[in-house]
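Quick note, in the numbering used here, the sequence shown goes up one by one and the last residue is 781.
All C-beta atoms in this analysis are idealised placements derived from N, C-alpha and C, irrespective of residue type, glycine included.
These figures come from a predicted structure and were not determined experimentally.
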Amino acid sequence: MLLDSRSKDILHFILTQYEYVSLGALMKEFDISRRTTYYAIQKVNAWLSENGVAELEIERNKGIFLTNIQKHAIQTKLQEEKHMSEYVFSPLERIYIMICLMIVIDERITLEYLMNYFFVSRNTVISDLKKITKILKQYHLCMTNETKKGYRIIGDAIKIRAVFFLYINMLDPFIKNEIMNLFDREDMKQYCAKLKSMEAELQVTFVEGTLETLAMLLPLMQTNAQKVRIKGISHKKLASTQECCLVKKYFPSLSDEEACYLTLHLLGSRLQSIPSDVVQYGEDEETRELTRLLVNEFKRVACVEFENQAEIERTLFAHLHTSLYRYKYGIQLGNPMMEEIMNQYAALFAITKKAAQVLSDHIGTPIPDSEIAYLTLHFGGFLRAMKTSVNILKILLVCPNGVSTGNMLKAELQTLLPNATITAAISSKEFMQGNWECDLIVSTIPLKTDLPLVVVHPIMTDVDRIQILKRSMSKTLLQNRSANTKELFQIVKKYVDPSQYKNLYSDLENYIVSLHMIESTASSLLKSHALMDFLDLTHVAIVKEPMGWEQAIHYACRTLLEEEAITENYCASIIAQLQKYGPYMFITPDVVLAHAKSEDGANQLACSLAVFQEKVVFAKKREAKIILVLSTPDAESHLAILQDINQIFSDPANTEKLCRCMEEQEILEELSMILDQLQESFE
């Protein structure tokens, strides 16, 4: 394993110090964030471990200190390094590369091959291979070590390739920057040239990266070593497509099944979905059941209820009907808004991804992030928005970008302006053909109209939201603020020409209303409700005495009841739900996330955490070490908290760390450290 330049610089800096080096000092010295500092130290520790040297330890409230013996050992190892790379792969990146190597490389993938490829020890490779075995098991695949072939992934060929498409796309930056080289570049150029010629003949533009990824898989397809079986697809219809004709023209040596496989990918990448006359609809009941599973899992993971579950199931069924084929065959669906969705709705995206694991488990293939982004829009559009009985502002929504985007924007508008009515969500064509009455038009494209218009992004930004607030003057607010407007008008009117009185009054009125609305909604727009915003010494408890599960739930709710964040009915509802449905609130084998419906008594957003030194026994012999209670007054404000909870407890080691804490303050410090490390790992 080799250190990158930044990690080396930080290590050299620490070696020159004769006292404790704080994280703050490192951040200041190298002008980097706290997360980047943690990340660099993790890399240094990985390198030290590989070389048999004690890792750097960060002492709380002090920092890092090296003895002279430690410094000598590190300096000796640094002197032994003759070749320094500018990049060292993280453990996760190594795993992704290993998986791709095993799928498509002809060379023998042995322990020695992997050790030399990554400059790591035998033990590190063995540890990585164990992790790979667990990953593959999710997709009903396994890894073998054959004498003449080395390590290979075996199982259903379609699933193996779907896994390849998932991970090779994650490695795309390394391939483009030539940080790693999995394939013969000349061969790849030839394959890409043929695929681009097909693209030109079809007069289309494929999803970015599709042709390059297919080129990587073509050598394997040419050998026909893996026997693919295309099911649920009309081979006759597929063969009649222009794409299939070009596949046979440019790659005549491909078998019929491989030609169909390549054609499916070209069709899916070109049209965003497989054409309806190609897909054979014979699995409606399976899709309906998967839709129900997905919606119910989202409700469980997100701790929400849908007022219109039948409607969301109908919408998702229509989406999944063809999407399931994309999942099964690993077809890469382009989603130009993916990065924006992941950034603007990070918590919702993370929860959707966790819920979508039920789909992946069922069909045995991974669901790519581009598809998770689309599912995020579907769920986001149906999350319950706050509603009131008084509707003042009438808004017309014009969105030609599809049902998902329209639903999401509609939900955003209803949350942003709870007193407004969304009169309709229509296409631009419908808008031009009709005579619409409304107070405001919100559109994702420019329109020719005399009505008040705000053009927004498909995924609204804070700037978009502020624009809407400024243009959406509520009559109620005008009445409430009219005195302020008149007072200001009387003060400033003597300084302007009387001919400008009307314009002045209107401008003052607009300013006061928009200012009031911006202030009243600022917290909902800008505040990120993360877990540590709600946990302090009063909301964390260590319980030493044994308790029954009902008593434990009451105890975990204690603080929230005392501060009236929840009512007694909320606590009773949690217990009633667990009595009725069993221990479904377990989010890991050791952790319970207790919650009820908003209307059952959630007065405000709040969270508490209790660590039980004696395991709490629930039904079906489930045992909890930790119980969290989450109060959810609406469908969205708690999503960032959930994101933190899921990230923390997805690693069983973090549960054990918290359970070893002897004081509440220690739990808070451990949680903060875990979250810092998690943030750094995603950088």
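Would you call residue i buried or exposed, if buried means 16 or more other Cβ atoms sit within 10 Å of its Cβ?
i    : result
T385 : buried
H170 : exposed
V594 : exposed
T245 : exposed
Q301 : exposed
A700 : buried
L549 : exposed
H736 : buried
R192 : buried
E387 : exposed
D537 : buried
C401 : buried
G122 : exposed
I167 : exposed
Y599 : exposed
S696 : buried
Y194 : buried
Less than 8 Å between the CB atoms is what I'm expecting for residue i and residue j, so what's the real figure, rounded?
i    : j    : result
V393 : I410 : 6 Å
R104 : A138 : 6 Å
E284 : R327 : In fact, because the Cβ distance is near 32 Å, the residues do not count as touching under 8 Å.
L336 : T361 : 6 Å
L344 : M296 : 5 Å
P466 : L756 : Not really, about 33 Å apart at Cβ, beyond 8 Å.
S458 : Q741 : That belief does not hold up - the Cβ atoms of S458 and Q741 are roughly 19 Å apart, past 8 Å.
I725 : A708 : 5 Å
A518 : L491 : 4 Å
Hey, could you find the ends of the beta strand (DSSP E) residue i is sitting in?
i    : result
N394 : Looking at the DSSP string, N394 is not in any beta strand (DSSP E); the run it does join, the alpha helix (DSSP H), is D382 to A400.
F710 : A704 to V715
V81  : Past the boundaries of the shown model lies residue 81; the chain is included only from 99 to 781, so the question cannot be answered.
I524 : T519 to I524
L495 : K492 to V496
L726 : E721 to S729
E244 : C240 to E244
A692 : V689 to A692
In whole angstroms, what separates the C-alpha of residue i from that of residue j?
i    : j    : result
A509 : Y668 : 26 Å
D698 : F396 : 20 Å
T321 : P681 : 50 Å
T686 : Y215 : 36 Å
M683 : A692 : 6 Å
Q370 : L364 : Because the pLDDT of Q370 is 42, which lies under 50, any placement of that residue in the model is unreliable, and the number read from its coordinates should be weighed accordingly. Straight-line Cα distance between these residues: approximately 10 Å.
I739 : L776 : 14 Å
Q324 : T474 : 34 Å
T636 : K229 : 39 Å
K426 : K175 : 48 Å
V186 : V218 : 10 Å
L154 : L146 : 8 Å
M506 : V553 : 15 Å
L515 : S525 : 22 Å
A650 : I673 : 10 Å
R133 : I108 : 14 Å
Q531 : D282 : 56 Å
Y653 : F262 : 48 Å
S421 : R220 : 41 Å
T753 : P731 : 27 Å
H333 : Y348 : 19 Å
T450 : L199 : 30 Å
I429 : L239 : 19 Å
H476 : I331 : 26 Å
K292 : E127 : 51 Å
V540 : M440 : 23 Å
Residue range of the alpha helix (DSSP H) that residue i falls in?
i    : result
C536 : It is not in any alpha helix (DSSP H) - C536 carries neither H nor E in the DSSP assignment.
N149 : Per DSSP, N149 belongs to no alpha helix (DSSP H) and is neither H nor E.
N322 : Where N322 is concerned, there is no enclosing alpha helix (DSSP H), given that its DSSP letter is neither H nor E.
F684 : Careful: F684 lies outside any alpha helix (DSSP H), inside the beta strand (DSSP E) at F684 to T686.
A453 : A444 to A453
L551 : Counting along the chain, L551 falls outside any alpha helix (DSSP H), though it belongs to the beta strand (DSSP E) covering L551 to V553.
S748 : S748 -> no alpha helix (DSSP H), and no H or E assigned at all.
K678 : E666 to Y679
Y653 : W647 to E660
L635 : Per DSSP, L635 belongs to no alpha helix (DSSP H) and is neither H nor E.
L336 : H333 to A337
Can you find a CB in chain D that lies within less than 8 Å of the CB of residue i?
i    : result
Q741 : The chain labelled as chain D is not found in the depicted structure, where only one protein chain is given.
Secondary structure, beta strand (DSSP E): runs of 3+ residues fully inside the region 248-293: 248-252
Complete runs of the alpha helix (DSSP H) confined to the region 157-234 [at least 4 residues]: 166-178, 189-202 and 209-216
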